[in-house]
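There are 2 protein chains.
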Amino acid sequence: METIKHRYSKQRETILQVVRSTVEHPTVDWIYTETRKDIPNISLGTIYRNLSQLVASGQLLKLKDEAMVRYDGNTGHHDHFRCFRCGKWFDVQILDQKSIEAFNQKHQFEIRSVNLELEGVCEDCLKT
Amino acid sequence: METIKHRYSKQRETILQVVRSTVEHPTVDWIYTETRKDIPNISLGTIYRNLSQLVASGQLLKLKDEAMVRYDGNTGHHDHFRCFRCGKWFDVQILDQKSIEAFNQKHQFEIRSVNLELEGVCEDCLKT
DNA sequence: AAGTAAATAGTAATAATTACTGTTAAGAAG
DNA sequence: CTTCTTAACAGTAATTATTACTATTTACTT
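Going down the list, the sequences are from chains R and D.
When the letters of the first sequence are read in order and numbered with the working numbering, they come out as residues 1 to 128.
When the letters of the second sequence are read in order and numbered with the working numbering, they come out as residues 1 to 128.
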């Protein structure tokens, strides 16, 4: 793992705060719109570049929707459930550390990221 | 769940066979190229339409790579590990049915699909 | 054998993402 | 504090995976 030197930038700082300001697992587009409220002339390329960098440095998680990519400011271990009907993402807890440890003992793979995404119908949508 | 009537088509049949012919978790582009060996003038739209349909009917799984979408002809329950270095996908087994059942008892969500993707470095790449 | 609509080929349009270019500014070194 | 290097930037163009559209074909029903 080589260390890469990162300079501070107001743009990256703001983007990180924007993503952390919500639990809604925002899309790039939403992040762009929100960040422009603080920095009106920020470039879309800057959004993409910094989101990638923040994921690479472990400060954000990246999810993949049906079509779009989404981000999550909560980097503690948790899984995701997405509702087919309303499209919302929920933070859930399914996979336990034991299962991963058991896998590590069986294989020689070095796990660096875990991404468990469930899909189905959420409680609210089941009622209607 | 409404039932949708599907007519047979040689194109869909061929696409399914192509995806099932490999364990390499092929991309749409690869599937397109391979299928054209059998049906030279098949349209890319036909590939996309049928892949979606085959996923919807549970005959294929859909994975999301860094950038691209991939498909898997093995629909039995298993998880996926992707190597950062060589980019290969491996079929692995981590999540057990018990964890999912435990989740079902705690929540009212109706789970319809489970997708666990791990990333890291594979055995071969660790050696080099 | 005739009627229907599902599926197709071919092409155009869309939209997420990346690449490029000239400029700005963070942070190190003198 | 001043100079220097280059990471990061804004703005724009290019790329590319995917979807939409249209006229035609064909699987399957009656």
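A virtual CB, placed ideally from N, CA and C, is assigned to each residue, including glycine.
Please read these numbers as outputs of a predicted model, since none were measured by experiment.
Sequence-distant Cβ neighbours of K64 (chain D) in its own chain, meaning closer than 8 angstroms and more than five residues away, are R70, E117. Note on the segment 77–102 of chain D: whole beta strand (DSSP E) runs with a minimum of 3 residues are 79–83, 89–92, in chain order.
Boundaries of the alpha helix (DSSP H) around S52 (chain R): 44–56. S113 (chain D) places its beta carbon 8 angstroms or farther from that of E123 (chain R). Counted as a single uninterrupted DSSP element, the stretch harbouring L60 (chain D) is not any alpha helix (DSSP H), since DSSP gives it neither H nor E. The shortest C-alpha to C-alpha distance from G45 (chain R) to any of R:S57, R:G58, R:D29 is the one to R:D29. Counting along the chain, I111 (chain D) sits inside the beta strand (DSSP E) bounded by residues 110–121.
In this chain, the alpha helix (DSSP H) harbouring Y32 (chain D) covers 28–38. The C-beta separation of N41 (chain D) from I15 (chain D) comes to about 14 angstroms, leaving the pair out of contact by the 8 angstroms criterion.
Against chain R, the beta carbon of C122 (chain D) has neighbours under 7 angstroms at F109, listed in chain order. In the DSSP assignment, V19 (chain D) falls outside any beta strand (DSSP E) and lies within the alpha helix (DSSP H) extending over 10–20. One thing to note: L61 (chain D) has its Cβ within 8 angstroms of the Cβ of T75 (chain D). Listed along chain R, no residue sits closer than 9 angstroms to D91 (chain D) by beta-carbon distance, the nearest being about 12 angstroms off. At least one beta carbon of chain R lies nearer than 8 angstroms to the beta carbon of S113 (chain D).
The Cβ of E101 (chain R) sits no closer than 8 angstroms to any Cβ of chain D.
Contact with chain D is found for K64 (chain R), since one of that chain's Cβ atoms lies less than 8 angstroms from the residue's Cβ. Residue pairing for V69 (chain D): DSSP places it in a beta bridge opposite D:K64. For D96 (chain R), the neighbours in chain D by C-beta distance under 7 angstroms run, in chain order, S99. Sequence-distant partners of V18 (chain D) (beyond 5 residues in either direction) whose C-beta falls short of 6 angstroms from its own C-beta, in its chain, are I31, E34, T35. Comparing C-alpha distances from Q11 (chain R) to each of R:K98, R:K37, R:H25 shows the shortest one belongs to R:K37.
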